[in-house]
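Undergrad: For the sequence shown, the numbering used here gives the first residue as 23, with consecutive numbering after it. Even for Gly, the Cβ is constructed at its ideal location relative to N, Cα and C. Only a predicted model underlies this, so the values are computations on that prediction, with no experimental measurement involved. For reference, the structure I am asking about is given below.
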Amino acid sequence: MNPARNSVADVQLRYTFRVCPTPGQRQALSRAFGCARVVFNDALRTRQSARAAGAPYVSDGDLSKALTVAKKTPERAWLGEVSAVVLQQALADLNTAYRNFFASLSGKRKGRKVSPPRYRSRKDSRQSIRFTANARFAVTGGGKLRLPKIGDIAVRWSRELPSAPSSVTIIRDAAGRYFASFVVQTDDQPLPEVDTEVGIDLGLTTFAVLSDGTTIASPRFFRRAERRLRKAQKALSRKQKGSRNRDKARVKMAKAHAVVRDTRLDWAHKHSTAIIRDNQAVYVEDLCIQGLERTRLAKSINDAGWGLFTRLLAEKAARYGRYFGKVDRWFPSSRLCSMCGVIDGPKPLSVRTWTCRCGAIHDRDRNAADNILAAGQAERRNACGVRVRPEPVPALRAEAGTHRQAVTV
């Protein structure tokens, strides 16, 4: 038995709740958003100017000292109207952006290349500020969030926090809604071990087909709301730029998009939780979603939310002691017969069932899910170290050059 499965997993999670600030508190939050944005832009301008002049890189400490001096000048005296922690966290965000950029240039950061930091705009639809423990924010006995120089903000609690939060981020989204995102430490216990493992084949007509026969229908949240979104977009395009009516139309359109996003996220959370709860190991295909988004199926692929779903599976597997694996994207899951192991020719997407030369009749998606499960199990065993000498072992499924009928023990 793996001892890591019995240990307590200490991870940091974000718990996000809707908050309802009063008109006065909204004004104070807008002031804090603006001050944090100015500090970020001033620091970025300082570093860019130093680089253009050939001067050494401005350190984090020098930027903090420059902020202290700027608050004492008449031009930046209004920075003292907000919490100092908010301003320091704006500098921390800039430092993080630079570290990510340098790590991306050197190849230490995986994934797509990161661009250098850019100036923040007051016209951005999303604004945020962060309070750490130094700011002495607190949750009052009445369930309100107390923020320095802002006041007690009402929170719509949907569940209790598992521990005392180390920081809280106040977010205003494009729809004009306010959220409080708490960072908390959790000690989730691994789920009880089960004997089932599952492979998942993702699709468009059917969102997912599992190797155990379960089928998840495609919800198509964007497609169902497309008419309403198109109507809101047309109304926005008719409004004069800079007018109040255009601002109202923009918020209305943002709310319509927020409904689609929130619905998709809730749906993905529920299904990913059910899959992780019922299976000890979950395998999916490593799809190149960014490449597929450049095809004619881009709208349907974005609507499906494959990336969101697989990310939630990976996070919840790590949180609850399950195994999550990805099969190579070049693995011929749809062309490989799960019964005899023969690879058939390529098939267009219109072909949903096919017959192998061994006589087996396959549903395209179910057969792919079975092959993904077999390939994931083989890769997992190889990663754990399969003995190949001195005694013979059973050939792993989908191993090159073997036939399943000739496997011996």
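Compute the distance between the beta-carbons of residue 222 and residue 293, then report whether it is under 8 Å.
TA: The count along the sequence shown starts at 1 and reaches residue 222 at position 200. The count along the sequence shown starts at 1 and reaches residue 293 at position 271. No. Outside cutoff.
Undergrad: Out of curiosity, what's the CA-to-CA distance linking residue 111 and residue 59?
TA: Position 89 of the sequence shown, counting from 1, holds the residue named residue 111. Position 37 of the sequence shown, counting from 1, holds the residue named residue 59. Between residue 111 and residue 59, the C-alpha separation is close to 11 Å.
Undergrad: Ignoring anything shorter than 3 residues or poking outside the segment 160-248, list the beta strand (DSSP E) runs there in chain order.
TA: 166-169, 173-178, 189-194, 200-210, 219-224, 228-232 and 237-239
Undergrad: Quick one: measure Cβ to Cβ for residue 273 and residue 198, integer angstroms, because I've assumed they're closer than 8 Å.
TA: Numbered from its first residue, the sequence shown carries residue 273 at position 251. Numbered from its first residue, the sequence shown carries residue 198 at position 176. The Cβ separation is near 5 Å, so the contact holds.
Undergrad: Look at the Cβ atom of residue 351, then the Cβ atom of residue 308, and state whether they are nearer than 8 Å.
TA: Counting from one through the sequence shown, the residue named residue 351 turns up at place 329. Counting from one through the sequence shown, the residue named residue 308 turns up at place 286. A contact, by the Cβ cut-off of 8 Å.
Undergrad: Considering only residues of the same chain and omitting the five flanking positions on each side of residue 407, which have a CB-CB separation below 7 Å?
TA: Translated into the one-based positions of the sequence shown, residue 407 becomes position 385. Note on residue 407: pLDDT 47, under 50, position unreliable in the model; no value is reported.
Undergrad: To the nearest angstrom, report how far apart residue 135 and residue 123 are at their CA atoms.
TA: Indexing the sequence shown from 1 puts residue 135 at position 113. Indexing the sequence shown from 1 puts residue 123 at position 101. Rounded to the nearest angstrom, the two C-alpha atoms are 8 Å apart.
Undergrad: In or out: residue 207 buried (at least 16 other Cβ within 10 Å) or exposed?
TA: Start at 1 with the first residue of the sequence shown, and residue 207 comes out as number 185. Exposed: under 16 other Cβ atoms inside 10 Å.
Undergrad: Could you check which residue in 248, 316, 65 and 286 has the C-alpha nearest to that of residue 141?
TA: Taking the sequence shown and counting its residues from 1, the one referred to as residue 141 is at position 119. Ranking the options by Cα distance to residue 141, first place goes to 65.
Undergrad: What's the call for residue 332, buried or exposed, on a 16-neighbour Cβ count within 10 Å?
TA: On the sequence shown, position 310 is the one that residue 332 refers to. Counting Cβ neighbours within 10 Å, residue 332 comes out buried, since at least 16 surround it.
Undergrad: Enumerate in chain order the residues of its own chain whose CB-to-CB distance from residue 43 is below 7 Å, with the five nearest sequence positions on each side excluded.
TA: Locating residue 43 in the sequence shown gives position 21, counting from the first residue. Here the set comprises 51, 175 and 200.
Undergrad: CB residue 349 to CB residue 298, shorter than 8 Å?
TA: Position 327 of the sequence shown, counted from the first residue, corresponds to residue 349. Position 276 of the sequence shown, counted from the first residue, corresponds to residue 298. Against a cut-off of 8 Å, the Cβ pair of residue 298 and residue 349 comes out as no contact.
Undergrad: So, with DSSP's three-state summary, where would you put residue 104?
TA: The sequence position of residue 104 within the sequence shown is 82, counting from 1. The three-state secondary structure of residue 104, taken from DSSP, is coil.
Undergrad: Bridge partners of residue 92, per DSSP?
TA: Stepping through the sequence shown from its first residue, residue 92 is reached at position 70. According to DSSP, residue 92 bridges with nothing at all.
Undergrad: Take residue 150 and list the residues in its own chain whose beta-carbon comes closer than 6 Å to its own, dropping the five residues that flank it on each side.
TA: The residue labelled residue 150 in the question sits at position 128 within the sequence shown. For residue 150, where only same-chain residues beyond five positions count, the Cβ hits under 6 Å are 191 and 193.
Undergrad: Which of the three DSSP states, helix, strand or coil, is assigned to residue 353?
TA: Within the sequence shown, numbered from 1, the residue matching residue 353 stands at position 331. Coil at residue 353, not helix or strand.
Undergrad: Using 8 Å for Cβ pairs, my map puts residue 244 next to residue 282. What's the rounded Cβ distance?
TA: Residue numbering aside, residue 244 sits at position 222 when the sequence shown is read from its first letter. Residue numbering aside, residue 282 sits at position 260 when the sequence shown is read from its first letter. With a Cβ gap of about 6 Å, residue 244 and residue 282 count as contacting.
Undergrad: Could you pull out every residue in the same chain whose Cβ sits closer than 7 Å to the Cβ of residue 255, ignoring the five residues on either side in sequence?
TA: For the purposes of this step, residue 255 is taken as residue 233 along the sequence shown, with counting starting at 1. Same-chain partners within the cutoff: 275.
Undergrad: In angstroms with no decimal places, state the Cα-to-Cα distance between residue 45 and residue 67.
TA: Looking up residue 45 in the sequence shown gives position 23. Looking up residue 67 in the sequence shown gives position 45. Going by the C-alpha atoms only, they are around 33 Å apart.
Undergrad: For a minimum of 3 consecutive residues, which ranges assigned as the beta strand (DSSP E) are wholly contained in the segment 309-369?
TA: 345-349
Undergrad: Among residues of its own chain, excluding the 5 on either side of residue 310, which ones have a beta-carbon nearer than 8 Å to its beta-carbon?
TA: Within the sequence shown, residue 310 is the residue found at index 288, counting from 1. Contacts found: 351.
Undergrad: For residue 303, which of helix, strand or coil comes out of DSSP?
TA: By 1-based counting over the sequence shown, the position of residue 303 is 281. Residue state, collapsed to three classes: strand.
Undergrad: State the Cα-Cα distance for the pair residue 396 and residue 217, rounded to the nearest angstrom.
TA: As a first step, residue 396 is located in the sequence shown; it is residue number 374 there, counting from the start. As a first step, residue 217 is located in the sequence shown; it is residue number 195 there, counting from the start. Each residue's Cα considered, the two are about 15 Å apart.
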